[in-house]
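The next block holds one structure in the form of structure tokens; read it before the comments.
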Amino acid sequence: MSRTFKAPAVLSTKRCFELIECLEPQERLKAYKNEGEIYYVQQMRWDDNDVCCLLINKCDKLAADPCFSDPQNLLWRAVNKMVGEGMDYSCHIIVRASPDPLATGLAIVEAVQGMPPPKIQQFLNALMRAVKAKFPDEFKFAHPNGAVDKKGNPTTYSARMMISLDGHVSESLEHDLTEGAIGGVELITERNAEVQLDQAGFVREKKAQLEVSLSTALAKARKVPVLRAFLNSKSDAYEKARIRFTTDTGDPRTVTVRSGDFTVGLDTAYVKRAVLNGFNKHLGQSYTELNEEMLEKLKGLLV
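Position 217 of the sequence shown, counted from 1, bears residue number 204 in the working numbering, the numbering being contiguous throughout.
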């Protein structure tokens, strides 16, 4: 969304990941914490034309050397890292990427200790910046007002694409909202952040908020449907909402959802999760290739 005009959708999720795939291996890594942590794409491929499979690894040079012990036999040893090495971790991600610029992509992210989804999202957006630097023409689009330049060519604008990992809400959130007491709902937008509010430019907008409440006369079974419908109707003006509520056990909670689709951040306790088990082999900490058994189980969740 532009700050000066309502821009149409531009790149589809499928095209975004196709462009990431076009980056060279050394362009598909990003260092953090003074190069103490390095995220990189170890492997990437397409299955069934529209399912993008990624193996994202993290090299942690700040982690302590691993130690192993056999207490029953009084054995203990440490494995010292070589210069430049770090502990390596792997995260499998699959995305059913849509060629439709207006559609989102359904993704499944493996939960890996030390690789939180917000960090993975940050890494994916770093890759998108690298993609734009390498393929700038992919991000240029005709201005929707139809204006032309002095030569009669359509006026263009440069778009910035960002990847957002949003979680489907768990059944526990709907239960807590239904059975508990909703104290208040704040609709929030930061689309006009940094817009000048005075002539001198000393005062700038940070965010705009609208606080609402639900009627106590609303039946329990109707609370969540009514709230979702209302937030969706306001999604053009407010992209997210902060809901304050008390569970039926008396615990105060706050959760932030996206107004348009009622999704939540992957770092919240209310994100939908699934436990995978029944693997034929013990899972490793790190992989150099996509684990096929893991992929099949993840694909089983793409519904």
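Just so it is clear, CB atoms sit at the ideal spot from N, CA and C, and this is done for glycine as well.
Endpoints, the alpha helix (DSSP H) within which residue i is located
i	result
A208	K207 to S220
D248	It is not in any alpha helix (DSSP H) - D248 carries neither H nor E in the DSSP assignment.
S159	E158 to E166
R116	P104 to K121
K286	E279 to K286
Bridge-paired residues (DSSP) for residue i
i	result
S(-1)	Per DSSP, none; premise fails for S(-1).
P141	V135
T233	A168 and P239
K45	Y26 and Y76
T176	A195
F128	Y144
S56	W63
L89	Paired residues: none, contrary to the question.
Candidates the options, of which the one nearest residue i by Cα
i	options	result
E5	E22, G23, K20 and N36	N36
D47	P58, D34, W33 and K17	K17
H79	F128, L42, Q100 and P103	L42
F297	N278, D163, L263 and N219	There is simply no residue 297 to check, as the chain begins at -12 and stops at 290 in what is shown.
G265	E280, R147, K68 and F110	E280
S145	Q30, R116, S151 and E72	R116
V251	L10, A224, N140 and S151	S151
K227	K207, K210, R209 and E198	E198
M148	E97, P88, P131 and K68	P88
G73	I95, C40, N44 and V99	N44
E11	A120, G271 and D153	A120
C9	W33, A261, Y225 and K137	W33
A224	R209, C40, Q196 and V211	Q196
N112	E14, P212, H269 and L277	E14
Y19	A261, K68 and F110	F110
A292	K68, L61 and Y26	Since the first residue shown for the chain is -12 and the last is 290, residue 292 is missing from the structure and cannot be characterised.
Cα-Cα separation between residue i and residue j, rounded to whole angstroms
i	j	result
M(-12)	W63	Reliability of the predicted coordinates at M(-12) is poor, the pLDDT of 41 falling under 50, and the value obtained from them is presented with this limitation in mind. Going by the C-alpha atoms only, they are around 57 angstroms apart.
A216	V258	20 angstroms
C54	V70	18 angstroms
D57	V66	15 angstroms
H162	G237	14 angstroms
V118	L201	45 angstroms
G101	R245	26 angstroms
L(-2)	D124	12 angstroms
L205	T243	22 angstroms
T143	K127	6 angstroms
Y105	N267	Reading the sequence as shown, one finds Pro at residue 105 and not Tyr. So the alpha carbons of these two residues sit roughly 30 angstroms apart.
L288	R83	11 angstroms
R178	I95	28 angstroms
R209	K221	18 angstroms
K193	H269	49 angstroms
C39	D75	22 angstroms
Segment limits, beta strand (DSSP E) that includes residue i
i	result
E198	A195 to V199
E226	Unbroken run through E226: none, as it is neither H nor E.
E24	E24 to D34
S77	M74 to R83
S202	No beta strand (DSSP E) contains S202, which DSSP labels as neither H nor E.
Handout entry: Validate contact between the stretch 171 to 181 and the stretch 222 to 232 using beta carbons, cut 8 angstroms, 3 pairs
Key = yes
Handout entry: Stretch-stretch touch, CB-based, cutoff 8 angstroms, three pairs: the stretch 177 to 190 with the stretch 150 to 169
Key = no
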